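Only one structure is covered here, and it is reproduced in the block below.
In our numbering, the protein residues as written are 232 to 573.
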């Protein structure tokens with residue numbers, strides 16, 4: 232019988248419940264030893280899945296002698312403290328994005344992980360979506376040729392509550408960060424420069440705390456390619472997730488996933504199903520494949536598919552995007568990374 236990776240889960244909110252459920256139902260090579268959440272009301276979810284050891288203290292998970300890997304699904308401010316503590320206990324770490332909103336904290340986590348010889352993987356699940364990973368495979372196989380233009384559309388079906396937006400870290404570090412990671416992943420090159428135009432067109436009041444809900448972001452890559460990302464917090468027709476890469480040999484694109492492929496025509500025109508409603512439906516399989524990749528990399532002692540450097544670069548692009556928005560100019564990544572060791 233193959234060995235099972237003994238895991239502990241910190242945080243049983245929406246994303247924590249997804250990962251816990253996947254561990255229990257879809258990861259035969261993993262075992263959940265313990266889970267934690269500050270709210271006792273969420274403990275029933277874990278217990279109903281057969282996880283009897285549930286606590287309110289995250290450090291019960293980190294310090295548990297049987298836990299080999301910690302799955303961190305807590306709010307962002309706790310990501311680095313929990314990562315560092317787990318690394319010091321020689322536990323491998325899977326952490327939801329972003330690792331942190333500052334480069335200094337990310338580097339502290341990276342230092343702790345490397346210094347204790349444990350693995351860290353970030354939950355940039357979109358890399359593991361079959362549509363997007365197939366596009367990346369075409370780029371790697373030189374089927375597109377030299378990448379010239381990348382286009383990413385990422386629009387949510389509805390904005391989160393304003394109270395959440397106030398503490399989210401802003402659109403670039405809360406929402407666009409997935410697209411920044413995807414841009415680096417698809418093009419296979421680091422971003423050199425960022426330029427942003429944006430506005431608060433859905434919730435004008437969020438301007439009061441320096442946020443926006445609508446943005447167009449232009450990225451210049453070190454290999455010369457150009458990327459355009461458009462973000463909106465509200466698309467009335469559903470969760471809009473599309474990507475296109477154009478190069479010297481051709482083009483590849485990934486369209487929205489829909490519930491079916493039916494096309495109905497009548498006197499009013501053609502009708503198709505709306506995109507899947509939100510990220511829980513759209514990326515259901517990607518979450519599973521992402522977490523399975525972490526378990527495999529630990530059990531097989533292979534490199535992390537998405538490491539601290541990936542987290543640092545995505546956050547750096549987000550910081551540059553906000554600087555571009557507020558200062559009305561292009562911002563080079565060198566300006567953001569000049570004090571970081573990359």
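Glycine included, C-beta positions come from ideal geometry on N, C-alpha and C. Just so it is clear, the structure is predicted and the values come from calculations on it, not from any experiment.
Exposed or buried, residue i, counting other C-beta atoms within 10 Å across all chains shown (16 or more means buried)?
i: residue 329; result: buried
i: residue 353; result: buried
i: residue 371; result: exposed
i: residue 502; result: exposed
i: residue 260; result: exposed
i: residue 395; result: exposed
i: residue 298; result: buried
i: residue 573; result: Model confidence at residue 573 stands at a pLDDT of 48, short of 50, so the residue's coordinates are unreliable; what they give is reported in the following sentence. Its Cβ having fewer than 16 others within 10 Å, residue 573 is exposed.
i: residue 281; result: exposed
i: residue 432; result: exposed
i: residue 497; result: exposed
i: residue 537; result: buried
i: residue 289; result: buried
i: residue 442; result: buried
i: residue 306; result: exposed
i: residue 469; result: buried
i: residue 557; result: exposed
i: residue 350; result: buried
i: residue 240; result: buried
i: residue 534; result: exposed
i: residue 495; result: exposed
What would DSSP say about residue i, mapped onto helix, strand or coil?
i: residue 521; result: helix
i: residue 353; result: strand
i: residue 376; result: coil
i: residue 368; result: helix
i: residue 245; result: helix
i: residue 498; result: coil
i: residue 428; result: strand
i: residue 490; result: coil
i: residue 258; result: coil
i: residue 250; result: helix
i: residue 323; result: strand
i: residue 301; result: strand
i: residue 442; result: coil
i: residue 381; result: strand
i: residue 312; result: helix
i: residue 453; result: coil
i: residue 423; result: strand
i: residue 397; result: helix
i: residue 238; result: strand
i: residue 433; result: coil
i: residue 287; result: coil
i: residue 332; result: coil
i: residue 482; result: strand
i: residue 563; result: strand
i: residue 458; result: strand
i: residue 463; result: strand
i: residue 405; result: helix
i: residue 471; result: strand
For residue i, which residues from the same chain have a beta carbon less than 6 Å from its beta carbon, with the 5 sequence-adjacent residues on both sides left out?
i: residue 460; result: 383, 410 and 448
i: residue 197; result: What the structure shows of the chain is the stretch from 232 to 573, and residue 197 is not part of that stretch, so it cannot be assessed.
i: residue 341; result: 539
i: residue 380; result: 457 and 477
Which whole-angstrom value describes the C-beta separation of residue i and residue j, a residue pair presumed to lie in contact below a C-beta threshold of 8 Å?
i: residue 544; j: residue 415; result: 6 Å
i: residue 369; j: residue 485; result: Actually they do not touch by this definition, with Cβ atoms about 10 Å apart.
i: residue 546; j: residue 404; result: 7 Å
i: residue 324; j: residue 333; result: That belief does not hold up - the Cβ atoms of residue 324 and residue 333 are roughly 18 Å apart, past 8 Å.
i: residue 541; j: residue 412; result: 6 Å
i: residue 532; j: residue 506; result: Rounded, the Cβ-Cβ distance is 39 Å, inconsistent with contact.
i: residue 480; j: residue 390; result: Residue 480 to residue 390, Cβ: 39 Å. No contact.
Can you list, in chain order, the residues of its chain with a C-beta nearer than 7 Å to that of residue i? Leave out the 5 residues immediately preceding and following it.
i: residue 393; result: 434, 436 and 437
i: residue 291; result: 265 and 267
i: residue 253; result: 518, 519 and 522
i: residue 293; result: 301, 313, 316, 317, 320 and 322
i: residue 563; result: 423 and 424
Keeping to the same chain, check which residues put their C-beta closer than 8 Å to that of residue i; ignore five residues upstream and five downstream.
i: residue 566; result: 551 and 554
i: residue 514; result: 356, 357 and 360
i: residue 234; result: 260 and 530
Is there contact between the region 414 to 423 and the region 448 to 455, where contact requires at least three CB pairs shorter than 8 Å?
yes
Do the region 526 to 537 and the region 482 to 497 make contact, defined as three or more Cβ pairs closer than 8 Å?
no
Could you check whether the region 327 to 347 touches the region 373 to 392, counting it as contact only if at least three pairs of C-beta atoms, one from each stretch, sit closer than 8 Å?
no
Determine contact between the region 238 to 253 and the region 267 to 285, defined as no fewer than three beta-carbon pairs at a distance below 8 Å.
yes
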